[in-house]
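Student: Structure in structure tokens, see below.
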Amino acid sequence: MTSPPLIKYICTVLMAMVPVVELRGAIPYGISAGIEPWLAFGLAVFGNILPAPLLIIYIRKIFAFLRTRIPLTDRFISWLEKRGAEKGELVKRYRFLGIVILVAIPLPGTGAWTGALVSALLDVRMKRSLPAILLGVIIAGLIVLLPAAHLFG
24 MTSPPLIKYI
34 CTVLMAMVPV
44 VELRGAIPYG
54 ISAGIEPWLA
64 FGLAVFGNIL
74 PAPLLIIYIR
84 KIFAFLRTRI
94 PLTDRFISWL
104 EKRGAEKGEL
114 VKRYRFLGIV
124 ILVAIPLPGT
134 GAWTGALVSA
144 LLDVRMKRSL
154 PAILLGVIIA
164 GLIVLLPAAH
174 LFG
């Protein structure tokens, strides 16, 4: 039995919202599930960008809350902050273009989640970081779409 189209669309959006998986998994999933490649691309871009504003606004508060309430998370949060600072060097040097590049490379450790984390840690304003993250997501999506459409389409 095949899934109804709406379920496939929702799964593609939700998969794109998951850190690490993001577009890299959502676009191939959507296409292999029978969604038109450009629609899978659009759904994945939409899903991937959704968490970014919330992360930019709330990630520091979330980290502080977790450290206070669940001390065992401190080590993991410190690791995330260290990685964010390392990735932030690219952003510090190239600003807008740095965020775009950081998000556009479709490899683990990059993507919208990383771009939002770095933006938040470097106090990059939303009006500057969100357009850069969106552009990076679109570029990453296109990089993933081309081979995925060929392989799964």
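In terms of the numbering used here, the sequence shown is residues 24 to 176.
Note that the Cβ used here is the ideal one computed from N, Cα and C, for glycine as well.
#1: Quick one: residues in its chain with C-beta nearer than 6 Å to the C-beta of Val123, no 5 flanking neighbours on either side, listed in chain order?
#2: Among Ala39, Val167, Leu77 and Trp136, whose alpha-carbon lies nearest the alpha-carbon of Leu103?
#3: Straight-line CA distance for Met24 to Tyr52?
#4: According to DSSP, is Ala56 part of a helix, a strand, or is it coil?
#5: Tell me which same chain residues have a C-beta within less than 7 Å of the C-beta of Ala172, skipping the five on either side of it?
#6: Considering only the beta carbon of each residue, do Val130 and Gly138 sit closer than 7 Å?
#7: Enumerate in chain order the residues of its own chain whose CB-to-CB distance from Phe119 is below 7 Å, with the five nearest sequence positions on each side excluded.
#8: Helix, strand or coil for Arg148? Go by DSSP, reduced to three states.
#9: From what residue to what residue does the alpha helix (DSSP H) around Thr96 run?
#10: Around the C-beta of Phe88, are 16 or more other C-beta atoms found within 10 angstroms, so that it is buried, or is it exposed?
#11: Around the C-beta of Lys105, are 16 or more other C-beta atoms found within 10 angstroms, so that it is buried, or is it exposed?
#12: Quick one: grab the DSSP three-state call for Leu78.
#13: Among the residues of its own chain, which have a CB less than 8 Å from the CB of Leu78, if the five just before and after it don't count?
#14: Only counting the same chain, and skipping five residues up and downstream in sequence, which positions put a Cβ closer than 6 Å to that of Leu113?
#15: Using a Cβ-Cβ cut-off of 7 Å (strictly less than) and excluding sequence neighbours within five positions of Val43, which residues of its own chain qualify?
Tutor: On the basis of the supplied data:
#1: For Val123, where only same-chain residues beyond five positions count, the Cβ hits under 6 Å are Ala155, Leu158 and Gly159.
#2: Checked all of Ala39, Val167, Leu77 and Trp136; the closest Cα to Leu103 is Trp136.
#3: Model confidence at Met24 stands at a pLDDT of 48, short of 50, so the residue's coordinates are unreliable; what they give is reported in the following sentence. In this structure, the straight-line span from the alpha carbon of Met24 to that of Tyr52 is close to 17 Å.
#4: In the structure shown, Ala56 sits in coil (DSSP, three-state: anything other than H, G, I, E or B).
#5: Correct list, in chain order: Ile54 and Pro60.
#6: Note on residue identity: the sequence assigns Leu, not Val, to residue 130. Not a contact, by the Cβ cut-off of 7 Å.
#7: These residues qualify, in order along the chain: Arg151 and Ala155.
#8: Arg148 falls in the coil class under three-state DSSP.
#9: No alpha helix (DSSP H) contains Thr96, which DSSP labels as neither H nor E.
#10: Exposed, since its Cβ has fewer than 16 Cβ neighbours within 10 Å.
#11: With fewer than 16 other Cβ atoms from the protein chains shown falling within 10 Å of its own Cβ, Lys105 counts as exposed.
#12: Three-state result, Leu78: helix.
#13: For Leu78, where only same-chain residues beyond five positions count, the Cβ hits under 8 Å are Trp136, Ala139, Leu140 and Ala143.
#14: Only Gly121 and Leu125 meet the Cβ criterion.
#15: These residues qualify, in order along the chain: Pro131.
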